[in-house]
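Chains as they are written, first to last, in the UniProt record's numbering: chain A, 1 to 381; chain B, 1 to 1017.
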């Protein structure tokens, strides 16, 4: 006796959250049944394994049918085939678009193309996430990316509107789209300690301040011919950043800047001497007190050089690598406490306003305001 | 009444991509009614076209309006080749033809294609203008209302219940026409869908005509079925109960959810005939071959009312007097006489109703059923379906004579069914023989009806159990006792019925679903030989099924079955029998005896031990069941009883006791067995099997109850959470082990596993009850068994139940009562405040009030009766409205029950009767047979919901999936499925919303509810 056909259809579609999770996690029906058995559900309900098998199959079939609709969540709301209460619809969508931290760290900043898709096998092996689940997450990223890529207006709003995700998840997707579009390198070994949250935080700051959309929102610049998009960095801004070079190229300006910072921070910083030593290259006169740090190490120069290089796509991609190498690592090797980093960065950005010879105050603020936020977030173990 | 049909095509959405190049579609719509077709413009390159068409107007006569469906086809325009069809929508415009139902059909309909399923949606508006036309010879019956509900619909009052109406129409099945060889499957499916839609329209119109002839205005309990006879044709047949209904105008009229309150107020209760009494001699001959003279004399109603007043007091005042039994005699006789005269004129005094207005059902005799095996032949002349008519007439005649043998003149809870395999067809009919109160059957004074009914003084709660037949001249040997409730009249020891449990019945504990399952192998044979083989097997199947039911009933410690439905299915090489019913313990009937086992060789010591072991197991099970279903009938001491009980209550050796079959009369007289009836010999392998199957039935997990009736006795505090579902299972038998035993085990396992799966799936709803569990068995192929289950799970509130019981106990302590029935007590005071009402109020209350000789105003009593109904008002007053927030798609509830817990039905919008075919040639790609059928059933639900929503409704009640024919050919990667569903589209209002209204009118706080109670009776 074998069950040829075995179905259950409710007027209200039954959604079992546990089975949904198993399905999302990419388990096959038999794996899912095995996992459910291990969860002790049989003992709780007095059901048999056959019942569990049939139930799991039913749910999997339902999810399979729903998947097509989940690809365009507004369709799920308007369709007539499955009667699902709104709260359940929201749950279905949110869970479907949720992703694993381990997975997103592997893909973040990579081009969402077929090539990357081929690497999913390796990612699956590396992270222990099933290939099926990897595919779903990857396809979600790609789908969201495709839909909002060319869209005007706020990236987060667009995602929210077209995928009906929660605010939190929409922001995460905005970060993923932003990273994928700008292809920021996140996979290098020295970046491994950073979480997706760290990157998402930076992405949000950058979207708010460094993109075309950020300019477009300014009242002075109504969206005329400017594509007010959130996904692309403002090219003009990047171009302008070269002007900041003067801060390190002009020795007077550099010294003045340094002295302003040092005066303000004297006594407040536990690592004052290290800071002072690192502000500009040791070659400029001071005795070599920091042999641990490689020669061209210089915090200010590093930060300004990062800015100046951003006009090149390649350097944009390496932004995070540079920030870690030029700032985070030197500070960390000197054991700067986070609070000192904060004090330093605040003073460092603010003192520029007192440099009379410096004309790019606004540019500096737009750059440094965001960078300061990012650096503080990135500065941890 | 010719009319003008107006249709507007507004928009489409989610259309499929028809042009691969552009990923878009150039859609336009064809609107067809009868032979007229209109087209919209082509809306270029969009998946969400906005046609916003003009009003397409069809001028048609009402005959067509009733028969024809409106056909809407969505197509993709193609300049170079033929336009591709995207899909169709069939809209039955019948609900627009009577004034009280929907006024407009407007909404999003799924666009359906028989090959691809649902492909997007289309927004359509449909209206009908009817012109008055006084043509007497009209062939239409616009205005007759149809209800699938097998009781008087909730917002109506029955003025007269006229009786049985039936009709059938036949046609050739397009699937078997020669042209089918050359046309596409899609064309063939569509031809079939259209034909059946047309035929059911015609059938409904013809039934309507019969109703009009009978001076009725509605059909209640309308059941329409298709017989797919294959080569020999397609039969669409319907039965129903003609009634004259009266719309209750209050309090629904001022409810906000009512779609058109003003319209409703205006409606006249369509009694076209100013003087209803004159119709008596009308030439009402709805059936060709019968003379039908219906002449109710007015004297009957007068007589009955006067005599009733006399007799009414006797059962109540004569508490405990031994003479009561005798007094009951003449009363019974008189009643029978009246009913007889009222019913005898009718050819078939049958009623498809399963629940009745109070006082309608006087006595119940037992189940009557008849089956007949027929060989199908080609229907040569579709206009003269005489053979099929004659077949059914024959069966009905048999049913009628069975009823007569039980001393009954009517059959209630009547239904008909067929099972077809190749050219053999089993026709079945069954019902419950009953004695009815003649008042409802003839047109007495309409006004007096209600009061008369309320003055009805049959012993409430047990009256229907009293035997209708003559004690001395019983049709079969039965054990009679004096009624345990009133002690006046005789009752049988078990009672089988096809009806719902009467709301006023006194019940102990809870009920449960009882099923008998049986398979019998049969040799493959052709034509005549096959029919003979089947005929020979049938009596044995009936006998076995009956025995199983009886044993299982006893094992549950119960004494009555309600909603009994025995289905015999014929296949190529086997017959399947499946009987489902709800077992209950009726307080009026004696406690059932246990089950005793006896061995053949009593001297063998170890054997004895084995038997006693089995016996112990059985006894334990009975005890466990009694506890589970809370069956603890009061022990009644002899002194209190007053009249001697003729037999000891604990009888022994009852398994296979012939006397137990007393209540069922079938073709085969089960009560004339020759063998030693009282001994179950367990050497007999069959008997062993019986005992085993008895013990293998697993009770539902705790927190779950199940029944196949509308309401579960003993549970009344339903919450508003309901989940209707359909589950289908097909198993393949391995042909190696096809013995009867193996087959039985397979079938039994199939059903049990299916139930277990349901319990597991619905575990989140605990505590919950599966109501109206409806199993259908079919044998699509040699080794396949298909079981389809439709039911509704309803959550109930456990705490509230406990509370109610507590109040019961407290209250009952204050009363010295001979009746130890713990469930009954309904303090009258409660009905005016907001305490939760009691589960089973009326019986006791009526008794008491009557015995104290204080007449209770009709209205007040009516309230209590209403509260007894499962939709008891106020149960949910303190509950907040369910969190069904407004989504873009309105929620449409579906339920096989006639009511929605926690809500009040304010309007019936018309009947939903839909037939769909789905076919696939890419079965694997659609997820195999399960994926295919799963999707199809979900689509059927969606289309039903969309139609209801377009009518302005928010629920379907009395929903039933009448047919689910599934055929597969996995080798060819093909499958086909036909589904037929029906139900009543309604508008309901949550009681919590009603509450809001009533609190806004503080003075009338309870008023609307009370009035509601009165009118619903």
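Built from N, CA and C at the ideal position, the CB exists for glycine as well.
Being a predicted model, the structure only gives us computed values, none of them experimental.
Residues that residue i bridges to, as DSSP identifies them
| i | result |
| --- | --- |
| residue 210 of chain B | Looking at the DSSP assignment, residue 210 of chain B forms no beta bridge with any residue, so it has no partner. |
| residue 76 of chain B | B/27, B/84 |
| residue 904 of chain B | B/989 |
| residue 513 of chain B | B/582 |
| residue 415 of chain B | B/430 |
| residue 568 of chain B | B/577 |
| residue 771 of chain B | B/792 |
| residue 123 of chain B | B/11, B/108 |
| residue 117 of chain B | B/113 |
| residue 519 of chain B | B/576 |
Cβ-Cβ distance between residue i and residue j below 8 Å
| i | j | result |
| --- | --- | --- |
| residue 92 of chain B | residue 2 of chain B | no |
| residue 365 of chain B | residue 399 of chain B | no |
| residue 633 of chain B | residue 587 of chain B | yes |
| residue 963 of chain B | residue 226 of chain B | yes |
| residue 514 of chain B | residue 554 of chain B | no |
| residue 253 of chain A | residue 355 of chain A | yes |
| residue 153 of chain B | residue 959 of chain B | no |
| residue 165 of chain B | residue 242 of chain B | yes |
| residue 371 of chain A | residue 316 of chain A | no |
| residue 758 of chain B | residue 770 of chain B | yes |
| residue 79 of chain B | residue 46 of chain B | no |
| residue 176 of chain A | residue 108 of chain A | yes |
| residue 466 of chain B | residue 402 of chain B | no |
Of the residues the options, the one placed nearest residue i, counting alpha carbons only
| i | options | result |
| --- | --- | --- |
| residue 130 of chain B | B/96, B/364, B/436, B/583 | B/96 |
| residue 762 of chain B | A/134, A/8, A/360 | A/8 |
| residue 319 of chain A | A/303, A/331, A/330 | A/303 |
| residue 36 of chain B | B/21, B/69, B/46 | B/69 |
| residue 766 of chain B | B/4, B/773, B/11, B/793 | B/793 |
| residue 739 of chain B | B/574, B/45, B/789 | B/574 |
| residue 470 of chain B | B/484, B/491, B/486, B/218 | B/491 |
| residue 329 of chain A | A/47, A/375, A/310, A/316 | A/375 |
| residue 35 of chain A | A/56, A/15, A/110 | A/56 |
| residue 559 of chain B | B/240, B/533, B/593 | B/593 |
| residue 906 of chain B | B/945, B/980, B/952, B/895 | B/952 |
| residue 394 of chain B | B/370, B/405, B/620 | B/370 |
| residue 946 of chain B | A/99, A/81, A/41 | A/81 |
| residue 113 of chain B | B/85, B/125, B/506, B/567 | B/85 |
| residue 412 of chain B | B/418, B/564, B/613, B/720 | B/564 |
| residue 191 of chain A | A/180, A/324, A/136 | A/324 |
| residue 239 of chain A | A/367, A/136, A/117, A/273 | A/367 |
| residue 210 of chain B | B/167, B/200, B/195 | B/167 |
Distance between beta carbons of residue j and residue i, contact taken as under 8 Å
| i | j | result |
| --- | --- | --- |
| residue 163 of chain B | residue 360 of chain B | Not quite, the Cβ-Cβ distance comes to about 13 Å (not below 8 Å), so this is no contact. |
| residue 212 of chain B | residue 144 of chain B | 6 Å |
| residue 697 of chain B | residue 752 of chain B | 7 Å |
| residue 205 of chain B | residue 66 of chain B | 4 Å |
| residue 772 of chain B | residue 578 of chain B | With 8 Å as the limit, residue 772 of chain B and residue 578 of chain B do not qualify as a contact, their Cβ atoms being about 16 Å apart. |
- Check whether the segment 914–928 of chain B touches the segment 971–980 of chain B, counting contact only when three or more Cβ pairs, one atom from each stretch, lie closer than 8 Å. yes
- Message: If contact is defined by three or more beta carbon pairs under 8 Å, each pair taking one atom from either stretch, is the segment 201–215 of chain A in contact with the segment 262–269 of chain A?
- Response: no
- Task: Please confirm if the segment 505–514 of chain B is in contact with the segment 701–710 of chain B, defined as three or more CB-CB distances below 8 Å between the two stretches.
- Result: Here the segment 505–514 of chain B lies against the segment 701–710 of chain B, with 3 or more beta-carbon pairs under 8 Å apart.
- Message: Would you call the segment 343–359 of chain A in contact with the segment 28–35 of chain B, where contact means no fewer than 3 C-beta pairs closer than 8 Å?
- Response: At 8 Å Cβ cutoff, the stretches do not touch.
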